[in-house]
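Numbering (our numbering), first residue to last: 34 to 519.
Set out below in structure tokens:
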């Protein structure tokens with residue numbers, strides 16, 4: 034019977050290998066012994082990545098062979114994502130760029146055109162006509178944060194009540210004068226110095242820039258997949274890596290993070306952002322997922338793109354974190370009331386974020402996934418994070434958002450140093466890691482919306498302020514509970 038069972042297992046394995054290599058030019062490799070060494074698995078995935086990079090027809094067969102050759106089921110998704118992203122990245126890096134033609138070539142030519150000092154007088158002269166919705170009185174070249182021409186002047190009565198028509202007329206007039214397409218934004222004038230009184234009438238200026246070609250390219254997809262693979266690998270080895278343990282990993286050695294729920298939270302956040310961007314006229318781009326030596330993954334950074342208005346920019350910025358927050362609450366509720374049956378062991382005390390320190394050391398996997406989802410959503414809405422900065426900019430203006438972000442980028446790590454001095458060294462690890470991620474992967478300043486005339490509704494402001502306050506409290510790098518009591 035034992036022999037028959039072994040024969041059946043061998044037949045099943047052989048059938049799987051035959052199916053994997055059916056219709057492929059790849060020769061069947063020798064079957065590994067039951068005690069195969071890890072280097073053989075590594076070579077199999079390396080061979081798969083190499084054939085993906087070479088655009089070989091037998092690449093799928095190599096991927097499937099490496100998949101079945103990896104006995105650790107929990108390692109398969111991370112290895113698959115790493116091999117595919119590495120292969121695609123190498124292929125894009127080595128392939129020569131395709132020649133542009135038609136409308137693509139024209140768009141590329143326009144994107145290379147830059148407004149310079151020679152265009153300032155022409156753009157100003159184009160708008161010095163009484164019949165236009167805006168009469169320019171001054172113009173100057175601006176380089177940062179966005180390159181273009183800033184023009185001040187007077188709007189004709191009723192021009193700001195029909196914004197789409199006003200913007201369209203100004204774009205057509207300036208484009209005809211300069212000889213190439215331009216984009217026009219209506220931005221609020223922000224005066225430096227003392228804050229103006231509430232009774233001061235708001236004024237606006239015209240900002241002219243070359244339209245940027247915003248497309249979903251293969252390079253950004255490859256970078257996103259590569260960052261996801263790094264996060265999955267970091268999360269998979271969090272409880273088995275000595276480096277992660279030395280850096281303050283929250284898991285005890287031998288424990289494993291719930292990768293499926295965490296991946297689901299990331300997917301929910303990006304899906305919400307994609308739907309919000311598509312419905313509100315913004316552009317969604319693949320995110321860069323952020324690894325963490327303490328908890329495996331800290332969410333994702335989506336490149337900020339220009340939105341039609343302050344309200345739409347605020348909605349896109351809040352959509353991902355709020356969707357992740359709602360899904361995390363659902364996971365925590367299910368894990369608390371029903372339970373998943375899977376548990377992870379945590380270090381005690383958990384010196385990283387005070388809400389996580391409230392969890393039991395033997396914690397349900399879904400409860401932990403929900404708590405980590407709260408942390409990821411909160412970090413994304415800090416004022417020096419991209420989404421948090423867009424939210425503050427939509428509420429208070431570009432100048433205030435810049436100053437608050439600058440203060441938080443220094444104050445948050447410094448506060449964590451004080452907390453580390455008072456409560457333990459690990460309290461400073463995550464804030465400094467987040468600061469390093471923001472410096473290297475986040476954009477310096479988010480783009481301004483198409484128009485800043487439309488005010489954010491009261492309901493949207495209440496939701497935004499509540500979300501920002503909650504995010505800061507959850508990510509506060511100081512224990513809000515008695516440290517010795519847990």
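Just so you know, even glycine gets a beta-carbon here, dropped at the ideal spot from N, CA and C. All values reported here derive from a predicted model rather than from experimental measurement.
- Taken in chain order, the unbroken stretches of alpha helix (DSSP H) that lie wholly in the stretch 387-416 and span 4 residues or more are 387-390 and 398-413.
- With fewer than 16 neighbouring CB atoms inside 10 Å of its own CB, residue 395 falls in the exposed class.
- Beta bridge pairing from DSSP links residue 378 with 395.
- Your pair residue 238 and residue 220 checks out as a contact, with CB atoms roughly 6 Å apart and the cut at 8 Å.
- Counting along the chain, residue 324 sits inside the beta strand (DSSP E) bounded by residues 321-325.
- Your pair residue 419 and residue 313 does not check out as a contact, with CB atoms roughly 17 Å apart and the cut at 8 Å.
- Distances from the alpha-carbon of residue 192 to those of 236, 171 and 179 put 236 closest.
- Under the DSSP assignment, residue 237 falls in the beta strand (DSSP E) whose first and last residues are 237-242.
- Residue 267 places its beta carbon less than 9 Å from that of residue 325.
- In the same chain as residue 474, and ignoring 5 residues on each side of it, the C-beta atoms closer than 6 Å to its own belong to 321 and 334, in chain order.
- Between residue 430 and residue 223, the beta carbon gap of about 5 Å places them in contact (Cβ cut-off 8 Å).
- For the options 259, 503, 181 and 93, the alpha carbon positioned closest to that of residue 358 is the one of 503.
- Residue range 196-211 is occupied by the alpha helix (DSSP H) that includes residue 203.
- Spatial neighbours of residue 411 in its own chain (CB-CB distance under 6 Å, excluding positions within 5 residues in sequence) are listed in chain order as 504, 507 and 508.
- Check the Cα spacing between residue 167 and each of 258, 205 and 454: the tightest is with 205.
- For residue 287, there is no enclosing beta strand (DSSP E), since its DSSP letter is neither H nor E.
- Partner residues in the beta bridge of residue 174, as assigned by DSSP, are 182.
- DSSP places residue 187 in the strand class (E or B) of the three-state scheme.
- For residue 151, the secondary structure class from DSSP, reduced to helix, strand or coil, is helix.
- Counting only the Cα atoms, residue 392 lies some 40 Å from residue 73.
- Counting of Cβ neighbours within 10 angstroms places residue 463 among the buried residues, the total reaching 16 or more.
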